[in-house]
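What follows is a short report on a single structure.
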Amino acid sequence: MSHFMDMIARAGRSFVAAKGKDTSIEGAPLAEWLRSGAEIGAYERECLAELVTGEWRSPTGRKEVTAGQKVVVEVVKELRRRVSSGEKKEAAKLAVASQFGISRATVENYEKMTLERDQAHADGQKLFNSLNPLNK
Numbered sequence: 130m131s132h133f134m135d136m137i138a139r140a141g142r143s144f145v146a147a148k149g150k151d152t153s154i155e156g157a158p159l160a161e162w163l164r165s166g167a168e169i170g171a172y173e174r175e176c177l178a179e180l181v182t183g184e185w186r187s188p189t190g191r192k193e194v195t196a197g198q199k200v201v202v203e204v205v206k207e208l209r210r211r212v213s214s215g216e217k218k219e220a221a222k223l224a225v226a227s228q229f230g231i232s233r234a235t236v237e238n239y240e241k242m243t244l245e246r247d248q249a250h251a252d253g254q255k256l257f258n259s260l261n262p263l264n265k
């Protein structure tokens with residue numbers, strides 16, 4: 130247990146609040162969830178690891194897909210699977226939210242982000258194809 134406490138103390142000393150942010154306020158929902166006894170899955174563990182190693186503070190050099198990004202992909206994939214199998218969209222959102230331990234609004238935000246990313250990719254591909262001399 131003392132090894133765990135040492136790791137917590139060392140990680141805690143490295144946190145610096147962003148300008149205008151109070152860690153006791155910003156971190157309260159996560160702290161409450163951690164204290165609730167909720168199960169922590171692989172994605173949640175990876176997100177916490179990225180948080181305490183500073184990967185979330187300095188994403189510019191990051192090349193790999195983060196656990197947070199994987200969660201977005203998995204949530205949207207599950208939502209689409211449920212809807213394509215005939216489940217009503219609102220019911221699917223609620224079920225996915227419950228499955229991943231997030232709010233329905235978060236499911237909607239993840240879906241919106243994914244749709245915007247997909248559209249940007251499609252627009253970029255159209256532009257590339259229109260400028261490519263081999264397509265003329």
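Just so we're on the same page, the numbering used here is the position in the sequence shown counted from 1, plus 129. Backbone N, C-alpha and C define an ideal beta-carbon position, used for all residues, glycine too.
Spatial neighbours of residue 226 in its own chain (CB-CB distance under 8 angstroms, excluding positions within 5 residues in sequence) are listed in chain order as 232, 233, 235 and 236.
DSSP, read as helix, strand or coil, puts residue 252 in helix. Separation of the CB atoms of residue 243 and residue 205 is rounded to 5 angstroms, and the pair is thereby assigned contact status at 8 angstroms.
Within 10 angstroms of the beta-carbon of residue 208 lie 16 or more other beta-carbons, which makes it buried. Counting only unbroken stretches of 4 or more residues, the alpha helix (DSSP H) elements lying wholly within the segment 198-256 are 218-229, in sequence order. Cα atoms of residue 245 and residue 255: separation of roughly 15 angstroms, rounded to the nearest angstrom. Assigned with DSSP and collapsed to three states, residue 165 falls in coil, not helix or strand. DSSP, reduced to helix, strand and coil, places residue 152 within a helical segment of the structure shown. Here residue 240 is buried. Its C-beta has 16 or more other C-beta atoms within 10 Å. With respect to the 8 angstroms criterion, residue 230 and residue 171 are not classified as neighbours on the basis of their beta carbons. Taking a 10 Å sphere around the C-beta of residue 221, we find 16 or more other C-beta atoms and assign the residue as buried. For the pair residue 224 and residue 215, the Cα-to-Cα distance works out to about 13 angstroms.
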